[in-house]
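Student: Let me give you the structure first, and then I'll get to my questions.
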Amino acid sequence: MKESSKEEDKLVIQAINSIDEIDESISKLVERIREWNVIYFPEIDIIQNNESFINLIADNDREKNY
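Residue numbers 7 to 72, in our numbering, belong to the letters of the sequence shown in order.
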């Protein structure tokens, strides 16, 4: 029982580490997207919420493609 508990703990720790790595990757990606888009559209830099910022960029790209 003790051994199986240790294995479960390892899986939980790995899952938490994976989530942390994903969060870090998302942060880096959002930072790059902000840098690139603010060059061409400096007025959108006032949007502080990253999710709103990305949604705005994604919506504009969809409008251009259709």
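Using N, Cα and C, we set each Cβ at its ideal position, and we do this for glycine too.
Just so you know, these numbers come straight off a predicted model, no measurement behind them.
Say whether the region 60-67 touches the region 33-49, bearing in mind that this needs 3 or more beta-carbon pairs closer than 8 Å, one atom from each stretch.
Tutor: The region 60-67 vs the region 33-49: in contact.
Student: For Leu62 versus Ile53, is the C-beta distance shorter than 8 Å?
Tutor: Yes.
Student: Less than 6 Å between C-beta atoms, sequence neighbours within five positions excluded: which residues of the same chain meet that for Lys34?
Tutor: Correct list: empty, nothing qualifies.
Student: Rounded to the nearest angstrom, what separates Ala21 and Ile32 at their Cα positions?
Tutor: Their Cα atoms are separated by approximately 16 Å.
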